[in-house]
Amino acid sequence: MNANPYLENLERHDSQLFRYFGTTDAKFAILTNGLIYRFFTDLDNPNKMDSDPFLSINILDIRENQVRELKKFCKSEFDIDSIFSTASELKYVHEFKNQFAEQVENPSDELTRLFLQGCYTGQKTQAVIEKFRPLLKKALNDYISETMNDKIKNALGGSGG
Numbered sequence: 039m040n041a042n043p044y045l046e047n048l049e050r051h052d053s054q055l056f057r058y059f060g061t062t063d064a065k066f067a068i069l070t071n072g073l074i075y076r077f078f079t080d081l082d083n084p085n086k087m088d089s090d091p092f093l094s095i096n097i098l099d100i101r102e103n104q105v106r107e108l109k110k111f112c113k114s115e116f117d118i119d120s121i122f123s124t125a126s127e128l129k130y131v132h133e134f135k136n137q138f139a140e141q142v143e144n145p146s147d148e149l150t151r152l153f154l155q156g157c158y159t160g161q162k163t164q165a166v167i168e169k170f171r172p173l174l175k176k177a178l179n180d181y182i183s184e185t186m187n188d189k190i191k192n193a194l195g196g197s198g199g
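My numbering puts the last residue of the sequence shown at 199; the count rises by one with no breaks.
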């Protein structure tokens with residue numbers, strides 16, 4: 039564990055933790071500034087700490103699923119194999135969510151082309167992709183909003199739309 043002063047920029051200490059990790063038998067490393075806790079392991083290359091954490095927790099904005107993962111580090115629950123297998127899942131789920139968020143904000147040519155395959159019979163030229171990109175962005179955002187509204191209505195006991 040590498041503990042730094044409160045609110046210290048953690049990126050400045052990644053390399054130090056990376057060096058520590060390589061000189062120990064530890065399977066996990068934690069980098070913190072008291073507010074943010076980043077959990078690392080060696081998923082990409084054995085005995086070499088990954089450059090990205092598999093779990094990052096902000097104490098002021100902790101989520102229920104993060105609490106479940108954090109509990110796995112408690113002495114009574116600690117199981118290296120279980121944490122390691124979960125780490126891989128967490129890492130990729132996090133990356134998928136980041137990519138999804140990016141695509142919702144700025145649909146790529148590839149995603150736009152994929153959606154066009156199901157509803158547009160003409161040539162998918164760059165001009166066509168540029169024309170439909172804002173419509174895809176609107177459709178994705180509308181779908182997310184409508185889905186969230188339905189879930190809220192259902193949670194409050196109303197009927198979804």
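For each residue, glycine too, the CB sits at the ideal point set by N, CA and C. Note that this is a predicted model, so its numbers are computed, not measured.
My output table needs one value for residue 177: the three-state DSSP class, helix, strand or coil. Look at residue 177 here: in three-state DSSP terms it is helix.
Beta-carbon separation (whole angstroms), residue 120 vs residue 113, contact threshold 8 Å: The beta carbons of residue 120 and residue 113 sit about 14 Å from each other, so the pair does not count as a contact at 8 Å.
To which residues of the same chain is residue 158 closer than 8 Å at the C-beta, ignoring the five residues directly before and after it? Excluding sequence positions up to five before and after residue 158, its CB lies within less than 8 Å of the CB of 166, 170, all in the same chain and listed in chain order.
Where are the beta strand (DSSP E) runs, 3 residues long or more, that stay fully inside the region 63-151, in chain order? Fully enclosed beta strand (DSSP E) runs of 3 or longer: 67-70, 74-78, 93-96.
Terminal residues of the alpha helix (DSSP H) in which residue 194 lies: For residue 194, there is no enclosing alpha helix (DSSP H), as DSSP marks it with neither H nor E.
Taking its Cβ as the centre, do 16 or more other Cβ atoms sit within 10 Å of residue 70, making it buried, or is it exposed? The residue in question, residue 70, is buried, as its Cβ has 16 or more Cβ neighbours within 10 Å.
Quick test of your reading: residue 128 and residue 93, contact by CB under 8 Å. State the CB separation rounded to the nearest angstrom. Distance from residue 128 to residue 93 at the Cβ level is roughly 5 Å; contact confirmed, criterion being Cβ atoms closer than 8 Å.
Let me know the secondary structure DSSP gives residue 40 once reduced to three states. Note: residue 40 maps to strand in three-state DSSP.
6 Å CB neighbourhood of residue 198 in its chain, flanking five on each side removed: Note that residue 198 scores a pLDDT of 49, beneath 50, so its modelled location is shaky; the value from the coordinates is reported in the next line. By the criterion of a C-beta distance shorter than 6 Å, residue 198 is surrounded in its chain by 188, 191, 192, once the five residues flanking it on both sides are discounted.
Quick one: grab the DSSP three-state call for residue 158. DSSP places residue 158 in coil when its eight states are reduced to three.
State buried or exposed for residue 39, treating a residue as buried only when at least 16 other CB atoms are found within 10 Å of its CB. Under this definition residue 39 is an exposed residue.
Kindly list the residues whose CB is nearer than 8 Å to the CB of residue 43, restricted to its own chain and excluding five residues on each side of it in sequence; keep chain order. Excluding positions up to five away in sequence, the list reads 71, 72.
Kindly indicate which three-state DSSP category residue 187 falls into: helix, strand or coil? Reduced to three states, the DSSP call for residue 187 is helix.
With a threshold of 8 Å on Cβ separation, who are the neighbours of residue 57 within its own chain once the five nearest residues in sequence on each side are excluded? None.
Kindly indicate which three-state DSSP category residue 55 falls into: helix, strand or coil? In this structure, residue 55 counts as helix in the three-state DSSP scheme.
Once the 5 residues before and after residue 76 are set aside, which same chain residues still bring their CB inside 6 Å of it? Result list for residue 76: 69, 91, 94, in chain order.
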